[in-house]
Structure formats: structure tokens, C-alpha cells
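S.K.: Numbering-wise (my numbering), the first sequence opens with residue 1 and increments by one.
This is the structure I want to talk about, given as C-alpha cells.
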Amino acid sequence: MQTVLLWLRRDLRLADNPALSAAVDQAERVIPVYIHAPDEEGSWQPGEASRWWLHQSLKALSAQLSDLGSRLILRRGPSLEALQALVQETGAEAVFWNRLYEPLIVARDRRIKQALRQQGLAAQSFQSALLVEPWHLRTGKGEAYRVFTPFWRALQKRESPRAPMKVPRTLRSPARWPGTEALPALGLLPSTPWYPKLEDHWQPGEQGAARALQGFMDRGLARYHEGRDLPAEDGVSRLSPHLHFGEISPFQLWQKINEVMAARSALLRGGEAWLRQLAWREFAHHILFEFPHTPDHAMYERWADFPWRDGHAPMLRAWQRGETGYPIVDAGMRELWATGYMHNRVRMIAASLLVKNIRAPWQAGARWFWDTLVDADLANNSMGWQWSAGCGADASPWFRIFNPFTQSRRFDPSGVYLRRWLPELAGLSDKQIHAPHELDEASLSAAGVRLGMEYPRPVVDYRASREQALEAAKSLRAGPGSVS
DNA sequence: TGAAATGTTGGGGCG
DNA sequence: ACGCCCCAACATTTC
1 MQTVLLWLRR DLRLADNPAL SAAVDQAERV IPVYIHAPDE EGSWQPGEAS
51 RWWLHQSLKA LSAQLSDLGS RLILRRGPSL EALQALVQET GAEAVFWNRL
101 YEPLIVARDR RIKQALRQQG LAAQSFQSAL LVEPWHLRTG KGEAYRVFTP
151 FWRALQKRES PRAPMKVPRT LRSPARWPGT EALPALGLLP STPWYPKLED
201 HWQPGEQGAA RALQGFMDRG LARYHEGRDL PAEDGVSRLS PHLHFGEISP
251 FQLWQKINEV MAARSALLRG GEAWLRQLAW REFAHHILFE FPHTPDHAMY
301 ERWADFPWRD GHAPMLRAWQ RGETGYPIVD AGMRELWATG YMHNRVRMIA
351 ASLLVKNIRA PWQAGARWFW DTLVDADLAN NSMGWQWSAG CGADASPWFR
401 IFNPFTQSRR FDPSGVYLRR WLPELAGLSD KQIHAPHELD EASLSAAGVR
451 LGMEYPRPVV DYRASREQAL EAAKSLRAGP GSVS
């Protein structure tokens, strides 16, 4: 073949990129293109934090391609029209890309593949974002897995995932490059520049991903099985946004982690726990592929009737702003707003408060996370919220309600995480800081805290709202524990 | 990847 | 020495 269009989407890397490697192997010339077409993702277009990341990642990839003597062509959607225009302009004979698994994207890509093939072009897609394709892993009865542990066992029983692919040495350019949009013209960055604060915490792009992985292996991996629950510590990998945009692949991670585990037995427990988390990502994508309604609706239909709290809107706003009066939740919500990220233990606590105590619909929480997280990912986000709400695949039972004060004392015993994000509580002691509303006037004023002024009272009474939640769950006909 | 209520056990103080 | 009570620590059940 003479010329191939390499259609890049969320595989913004050069290493272990099957579509790229195939293009380099099979064609004389490769034209890498990214097409900006957010409306093709329906109501789940990337939020502001995601768009900031995407902008930076495209910039990084563009620079990497330049170093190889190539370029990144930027176009606007609709995707099919943009690809057809490029075919016209360049005489390309083929379009290669790596597969994604969100329902609307799957449908779009299927249409595009058909249309291109009808034009006589070679359209080919590759596996790159998941270790196992959703249609390749089935239960004994031939059904999709709906429970994580059997899924994980089945995943481990398969032969090991393929080895990662190398970065191509060269990408041969076309005789004449087609025109490109300027990156700023895609309008990914918001008009009010609130994002410089994100730059302190993240380095989007393939190099940033490699650095995050190295840092994690040096600092967090050995103790990951314990450290992952302590939000004050640097114990998690923070690879989720890099994985979402495909700046690093699960194949690279699978191999690397297994390699260091084999070399150092001290890494075995941490590595095993981390690979299990990687498998949760696989599971989430399988569930989304099999149950495409789950971003918007409960996996099991009877949950549609759940009695959410009337008039929860003001509490939802307090939750979003980190003003619930529950310190561990407020710290998390403020970490989210400031950095585009929240530690996973704190995500579970914050989600539990919103869904079970405030009793706002889980979709409201999912939407807020979607708009504010740099690692917002439709499969992970939908599964995570349905897990918290108790209405999803392998969900936490409805009666599992986190006590934010107990969790705070257990996982941030010296209040380091709380003080980092709630400076107004810094004057309280390690014992006091978890529950300011329980303190007497003297202790509060000694620390310079007035309830309702420097720090809010709890938006809901914990004990009462817990009882109400259990009552509400009982009202579901089939009972809270039953499946399907 | 939970919390709270309830039940059981065993040691120590005490009359 | 013995029975009784209290209570902490742990286990089990329930939501």
C-alpha cells in the first residue's frame, strides 16, 4: 500500500500502538490524524477537565510525531466526512484505528467502517485499549460476566496478554501534507483559564504516563495493598487519566508490573492488588459493552422506582462545593475541584454520602464527576456510581452505608489529608478534626472555628438519614439484596 | 472495599 | 470460696 490514514482517538501514544505499527508495516506513507467530533458522543461529551487533558495530550503527541519527522493532522468532525475528505486529498487507500467500547462510539465506528469499505478502502480496527475483548470472555453458559470475582478468575486463566509493541523507528511522510487545524482552534481549553492549577499536578502525554508509572513503581507499588486506602499518602498510581487517553496501554502495564513482581518478591502483594484494579477497568468496559444503557439507567430495572429525596438540590450543591459539613467528603470534593482528581477511597465515601444519606440520584453524582475529573471514563464512572448506589453489576449491597466519621478516623487518622484541603479546620487536634459538629463551644473557639461560619454544620443528620435510606431500600418490591 | 445491633465470653472487683 | 455484677473484647447477626 502507498498511503494509510492512522485515525487516532484515545490511543495517544507511539509505543504499543497496534494501528500505528500495522500502518508502518503495511504502507509506504502514514498520515496520523485526530478528528475533533465531540457531538458524536451524545450527552457524554468530555467535560472541561477532560478537554484540558486532551489538549495537552494532543500537543505532546504532535511534538513526538515531529521528532520522528511526521506530523499530527487535526480536523473537525463529522468523523466520516473528515476521513473521506482526507482520502480525497491524499489518495490514501486505507484507514486504520484502535477500537473503543462506548456504545455510541461502537455504533459510529461500525457505520464508518462499512462506508469506507463500500468506497473500496481498506478499513481496519485493532485491539489496544483492553486486554480482552468483551466478546471473547464468556461464562460457561456463554453469557457476559456480571460478577467481578469469576470475571477476574477467568481473565487470569487465559493465556497471558500479548507483549507490547515497540515505537516505530521512522514514519515516512506523504509527498505533500494535507491541511490541518491549529490545536487552539479546536476550542478544547475553556475561555476562562482556570486550568493552570491542573498543570501543577499532571503531565499529560506519553512521557507523563511513563513518568507516573516509574514514580509509582519506585514509591507506591510495594505497599500498594495498604497504601491505596490512605488518601494522605502517595500510595496510588494516578495512571487513570493516562489510561483513559491511551497514553499508556494495559498491555504495557500488565507486562511491566508482572516483570517487576517476578524480579522482586517484595512487590508481589502490591502488584497483585494493583493488577486486580486494572482488571476492574476491564470489567467495567465489558459491562458497558454488554449493557449499553448503564451510563444513564440502573443496570437492573426495578431501581428506576427508587424514592430519591425530594428537594435534594441544595444538598447536591453543597456536596459539589465541598460544604457538606462532613470533613472527609468536603476534603475530597475540594481535591477534585482543585486537581481534577480524587483518591479512590474518598470517592467511595463521598459517593456513599450523596447516594445514601443525601439520597440524590446516583446519576447526579456521576454527572458531576464526569464534568470535573481528568480521568472521567464512561465505563469506570458508570460502574463506580452504580456500585456505590447498589444498583449495578456486582454492586455493593444497598445496606452498606459508609460512616464518613469512622472512615475518616480509620484511613486518615492524623488528619493530614483533611488539613491539606480544609485549612479552616487546621487548628483542631487529630482527634477532633474528623467531626467538628460534635465538639463543644470551647474546643471550637480555641481552634478558631464557628459552625455555620468558617465551617458548615452537616447538611444531613447522619443517623437519621441512614435509617431513612434503609427504609427507602425496603420499599423496592424485590428487596434490596436480590439481583435482576 | 460497611456499620450497628446483638450475643458471648472471661476477667476483675466486690460483698 | 463463691456468686454476682460490670464491662471490655470479640463474634455473630442484621440491615
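Note that CB positions come from ideal geometry on N, CA and C, so glycine has one too.
Taking the C-alpha atoms as reference points, what is the distance between P78 and A263?
M.R.: Each residue's alpha carbon lies about 48 Å from the other.
S.K.: Skipping 5 residues on each side, what residues in its chain have a beta carbon closer than 6 Å to that of R489?
M.R.: The structure shown does not extend to residue 489, since the chain spans only 1 to 484, so no value can be given for it.
S.K.: Does the beta-carbon distance from P327 to L428 come in below 7 Å?
M.R.: Their beta carbons are not under 7 Å apart, which means P327 does not touch L428 by this criterion.
S.K.: Please name the residue in H55, A82, Q114 and G179 whose C-alpha comes closest to that of V374.
M.R.: V374 has its Cα closest to that of H55, out of H55, A82, Q114 and G179.
S.K.: Would the beta-carbon of P164 fall within 7 Å of that of F245?
M.R.: No, these two residues do not count as a Cβ contact at 7 Å.
S.K.: Taking the beta carbon of A27 as the centre, do at least 16 other beta carbons fall within 10 Å, making it buried, or is it exposed?
M.R.: Classification for A27: buried.
S.K.: Could you check if M1 is buried or exposed, using at least 16 other CB atoms within 10 Å of its CB as the buried criterion?
M.R.: Exposed, since its Cβ has fewer than 16 Cβ neighbours within 10 Å.
S.K.: Where do the ends of the alpha helix (DSSP H) carrying Q127 lie?
M.R.: Careful: Q127 lies outside any alpha helix (DSSP H) and carries neither H nor E.
S.K.: For G220, collect the residues of the same chain with a Cβ closer than 7 Å to its Cβ; drop the 5 residues on either side in sequence, then sort them by chain order.
M.R.: G227, D234, G235, V236 and S237, listed in sequence order.
S.K.: Please tell me whether E35 and R99 are closer than 7 Å, where the distance is taken between their beta carbons.
M.R.: Residue identity differs from the one stated: residue 35 is Ile in this sequence, not Glu. No, the Cβ-Cβ distance between I35 and R99 is not below 7 Å.
S.K.: Quick check: the region 285-295 against the region 461-476, are there 3 or more CB pairs under 8 Å?
M.R.: No, because fewer than three Cβ pairs between the region 285-295 and the region 461-476 fall closer than 8 Å, the two stretches do not touch.
S.K.: Mapping DSSP to helix, strand and coil, what is I257?
M.R.: Looking at I257 - three-state DSSP - the assignment turns out to be helix.
S.K.: How about the region 404-417 and the region 165-184: do they share at least three Cβ pairs that are nearer than 8 Å?
M.R.: Output reads no: the region 165-184 does not touch the region 404-417.
S.K.: So, are the CB atoms of P486 and L8 less than 7 Å apart?
M.R.: The structure shown does not extend to residue 486, since the chain is modelled only from 1 to 484, so the question has no answer here.
S.K.: State yes or no: is the C-beta of L476 within less than 7 Å of the C-beta of W44?
M.R.: Not in contact: L476 and W44 (Cβ atoms no closer than 7 Å).
S.K.: Tell me which same chain residues have a C-beta within less than 6 Å of the C-beta of E471, skipping the five on either side of it?
M.R.: Counting only Cβ-Cβ distances below 6 Å, and skipping sequence neighbours, we find nothing.
S.K.: What ranges does the alpha helix (DSSP H) occupy inside the region 425-471, keeping only unbroken runs of at least 4 residues that lie completely in it?
M.R.: The region 425-471 contains these whole alpha helix (DSSP H) runs: 441-446.
S.K.: Determine the contact status of L86 and P178, defining contact as a CB-CB distance below 7 Å.
M.R.: Yes.
S.K.: At a cut of 8 Å, does the region 314-332 reach the region 170-190 through at least three beta carbon pairs?
M.R.: Flag = no, the region 314-332 and the region 170-190 do not touch.
S.K.: Which stretch, first to last residue, makes up the beta strand (DSSP E) that contains H201?
M.R.: First-last for H201: undefined, no H or E at that position.
S.K.: Would you check if the region 169-178 and the region 188-202 touch, i.e. whether three or more CB-CB distances between them fall below 8 Å?
M.R.: Contact fails: fewer than three Cβ-Cβ distances are below 8 Å.
S.K.: Work out the CA separation of A351 and Y341 for me, nearest whole Å.
M.R.: Roughly 14 Å separates the two Cα atoms.
S.K.: Helix, strand or coil, according to DSSP, for A350 in the structure here?
M.R.: Note: A350 maps to helix in three-state DSSP.
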